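First the structure, in the form of structure tokens, and then the observations on it.
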Amino acid sequence: MLAIGVPAALGASLLFGSVFVPIKRAPTGDGFFAQLMMCLGGLVTAVLINGISNFPPIYPLAMLGGCIWCIGNAFAIKIMSVLGMALGVLIWNTTSCLTGWAVARFGLFGIRAMYPASNLLNAAGVFLLIVGGVLYLFIKSDVPSEKDDDVEKPKKIDDDEGNEDDVPFATRIVAILAALISGTFYGSMSTPITYIQQNSIFFGNAPVEGLPYILSFFCGVIVTSVVVFIIYTIRSPKPYIEGPVVVPALCSGAIFAVSRRLGKGRKQHTIIQTAMSLFLTAIEHLSQTIAYPLCAMLPGLIASAWSVLYFKEIKGSRNIAFLVVAYGITLIGVILVALSKEISL
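Each residue of the sequence shown is one higher than the one before, counting from -17 in the working numbering.
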């Protein structure tokens, strides 16, 4: 099981951590139109995967998982515009990790409780993951606005503290709270599918594999996204709708086209789609108590790498030091969680 589950979890983490990379520098505005395009791309890819899987039926309860994810993702782009990609992902992934682990470990929302081989290793690993997530709060990001992208700003000699002073404290707190709430939704997105899998006899002997539920999941995603966008256009006097944001979204599918047989030229949400496939596979082979901490925290490491090495959002020795320490603690936590599946203490 580890031979399949761990690579699936690592693959899902790599993709989840790269989801927002193609649109990081695109004119996304408040993010609602960009999210709608992401969801459309996911639906297209889900239809293709559904065909490859011999057209399994739509499961209405599994659609609820897509609704939950979409609600959590509605403000993700706006959160990142305040906190930066790495910090936003790291904060909501910490909450997602705790939520997903708690749902499976304690059997919440009708889910059958899933016990690891070693409660000690599992609990210690989750604790370290959370500690690592808390340390990320002390990292300051240099987040340029869209207007700043076209204007070269003078560099400071001492850039040790980042450029977060430009963000009002109240705005930062609101963004952090929004990220925590989003993480709660992210951590619950697979609960409806897990419930169906554990009670398949009540759903026409529904499959225990994850892929047959992908289209159902993204049907829920697109329905919710359309509703959110309609509400947004009604409430906003001047909705932000820009064509250029679609082009970067198309590039995301090309990033992953080389490693899947789904073809070429998918949209931004192709990455989320294939990551979801790997994520469900990881849950199938590792159980949710193991897969959720892995897939919830490792993407933060990937997003941070993008922020430090490519987007240069995180600068200065202080911030890098916090990031390295948090990396180390998170990595130890991930290893303990993975080992708790097989090792009994």
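Cβ atoms here follow ideal geometry from the backbone N, Cα and C, with glycine treated the same way. Values in this document were obtained by computation on a predicted structure and should not be read as measured data.
Give me, in chain order, the residues of the same chain whose beta-carbon lies closer than 8 Å to that of residue i; leave out the 5 immediate sequence neighbours on both sides.
| i | result |
| --- | --- |
| residue 9 | 128, 224, 226, 227 |
| residue 2 | 58, 59, 62, 67, 71, 285 |
| residue 40 | 197, 198, 201 |
| residue 317 | 107 |
Taking residue i as the reference, give the member of the options with the closest Cα.
| i | options | result |
| --- | --- | --- |
| residue 19 | 31, 30, 4, 162 | 4 |
| residue 196 | 213, 180, 175 | 175 |
| residue 172 | 304, 323, 198 | 198 |
| residue 43 | 326, 311, 177 | 177 |
| residue 29 | 103, 88, -7, 201 | 201 |
| residue 23 | 230, 210, -1 | 230 |
| residue 281 | -2, -11, -7 | -2 |
| residue 292 | 97, 89, 124 | 124 |
| residue 312 | 97, 107, -11 | 107 |
Using the Cα positions of residue i and residue j, report the straight-line distance between them to the nearest angstrom.
| i | j | result |
| --- | --- | --- |
| residue 203 | residue 193 | 16 Å |
| residue 118 | residue 83 | 20 Å |
| residue 109 | residue 11 | 36 Å |
| residue 296 | residue 7 | 16 Å |
| residue 32 | residue 38 | 7 Å |
| residue 120 | residue 99 | 34 Å |
| residue 47 | residue 170 | 7 Å |
| residue 322 | residue 218 | 49 Å |
| residue 122 | residue 301 | 6 Å |
| residue 71 | residue 298 | 20 Å |
| residue 150 | residue 188 | 50 Å |
| residue 80 | residue 112 | 8 Å |
| residue 290 | residue 207 | 31 Å |
| residue 190 | residue 286 | 34 Å |
| residue 309 | residue 49 | 31 Å |
| residue 294 | residue -4 | 19 Å |
| residue 209 | residue 69 | 28 Å |
| residue 162 | residue 115 | 11 Å |
| residue 320 | residue 45 | 29 Å |
| residue 205 | residue 216 | 17 Å |
| residue 27 | residue 288 | 25 Å |
| residue 105 | residue 34 | 39 Å |
| residue 303 | residue -11 | 29 Å |
| residue 155 | residue 85 | 27 Å |
| residue 283 | residue 0 | 10 Å |
For residue i, I'd like the list of residues in its chain whose CB is within less than 7 Å of its CB, leaving aside the five on either flank, ordered along the chain.
| i | result |
| --- | --- |
| residue 94 | 180 |
| residue 168 | 51, 54, 74, 78 |
| residue 214 | 14, 221 |
| residue 329 | The question about residue 329 has no answer here: the residues shown for the chain are numbered -17 through 327. |
| residue 102 | 327 |
| residue 307 | 117 |
Going by beta carbon distance, what residues of the same chain come within less than 6 Å of residue i, once the five residues before and after it are set aside?
| i | result |
| --- | --- |
| residue 13 | 59, 60 |
| residue 314 | 110 |
| residue 165 | 74, 77, 78 |
| residue 57 | 160 |
| residue 157 | 61, 64, 65 |
| residue 25 | 200, 204 |
| residue 184 | none |
| residue 211 | 14, 18 |
Should residue i go down as buried or exposed, given a rule of 16 or more other Cβ atoms within 10 Å for buried?
| i | result |
| --- | --- |
| residue 305 | buried |
| residue 36 | exposed |
| residue 131 | Because residue 131 sits at a pLDDT of 49, beneath the cut-off of 50, its placement in the model cannot be relied upon, and the following sentence gives the value as read from the coordinates. Residue 131 comes out exposed. |
| residue 182 | exposed |
| residue 153 | exposed |
| residue -7 | buried |
| residue 16 | buried |
| residue 90 | exposed |
Would you list, in sequence order, the uninterrupted beta strand (DSSP E) runs of no fewer than 3 residues that lie entirely inside the region 8 to 85? Counting whole runs of 3 or more residues, the region 8 to 85 contains no beta strand (DSSP E) stretch at all.
Hey, which unbroken runs of the alpha helix (DSSP H) at 4 residues or more fall wholly within the region 275 to 315? Within the region 275 to 315, no run of alpha helix (DSSP H) reaches 4 residues while sitting entirely inside it.
Could you name each continuous beta strand (DSSP E) segment of 3 residues or more that falls completely within the region 168 to 235, going from the start of the chain to the end? Within the region 168 to 235, no complete beta strand (DSSP E) segment of 3 residues or longer occurs.
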